[in-house]
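Now the structure itself:
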């Protein structure tokens, strides 16, 4: 088990890597944000949820304007409880809460909460270009994505395309343990299909409410 001082140093370096990426190119990317053992545990969680029929078809819009349309969005999801007692979800949530504390302390953000869900894309499923912030709601400040794909290869596809305003498109492979961080209202993004295997992640939002 790593010493507390080592963990804090590692956390700080990873958090600063995400923040500096946001400053420099409108998104942060950090590999090995979560240990491989925890990624494997979270990956097993989503597979068990799927086998038990607990992943539900996602939709677009909010509660007042909700629509399931697989021609636009094709993932299945299961929300993660903020007070989860699952050991791997607890590790994830504790680290995200440490990131929130770091953001609020060093960047003077006003993040008050996080919401997260598992997201699973079966083969040939995708999510067309979109923003994460609903027009009617302004609570989501930042989006985060943690990939759970063990032994992912370039040939598997399933890239995330980011479209920073006034900059070139960025394509990112969904490698297990990789964390992506960007402003929910600013960054259009798109999930491309994998034609060879399912593509799993945890999607989250850091909120000011």
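Numbering (our numbering), first residue to last: -9 to 199. Positions of the beta carbon are idealized from the N, C-alpha and C atoms, including for glycine.
Where residue i sits in the DSSP three-state scheme
| i | result |
| --- | --- |
| residue 40 | helix |
| residue 172 | strand |
| residue 56 | Because residue 56 sits at a pLDDT of 48, beneath the cut-off of 50, its placement in the model cannot be relied upon, and the following sentence gives the value as read from the coordinates. Note: residue 56 maps to coil in three-state DSSP. |
| residue 192 | strand |
| residue 103 | strand |
| residue 34 | helix |
| residue 144 | helix |
| residue 29 | helix |
| residue 185 | coil |
| residue 162 | strand |
| residue 109 | strand |
First and last residue of the uninterrupted alpha helix (DSSP H) at residue i
| i | result |
| --- | --- |
| residue 11 | -6 to 15 |
| residue 93 | 77 to 96 |
Span separating the alpha-carbon of residue i from that of residue j
| i | j | result |
| --- | --- | --- |
| residue 187 | residue 36 | 14 Å |
| residue 196 | residue 83 | 12 Å |
| residue 76 | residue 67 | 17 Å |
| residue 19 | residue 172 | 9 Å |
| residue 129 | residue 184 | 31 Å |
| residue 80 | residue 160 | 31 Å |
| residue 158 | residue 87 | 31 Å |
| residue 116 | residue 132 | 21 Å |
| residue 112 | residue 33 | 14 Å |
| residue 141 | residue 96 | 35 Å |
| residue 101 | residue 145 | 37 Å |
| residue 226 | residue 45 | Absent from the model: residue 226. The displayed extent of the chain is -9 to 199, so no value can be given. |
Start and end residues, beta strand (DSSP E) containing residue i
| i | result |
| --- | --- |
| residue 132 | 130 to 137 |
| residue 118 | 117 to 120 |
| residue 178 | 178 to 181 |
| residue 66 | 66 to 70 |
| residue 18 | 18 to 20 |
| residue 151 | 150 to 153 |
Beta-carbon separation (whole angstroms), residue i vs residue j, contact threshold 8 Å
| i | j | result |
| --- | --- | --- |
| residue 201 | residue 137 | As displayed, the chain neither begins before -9 nor continues past 199, which places residue 201 out of reach and without an answer. |
| residue 182 | residue 149 | 5 Å |
| residue 108 | residue 39 | 6 Å |
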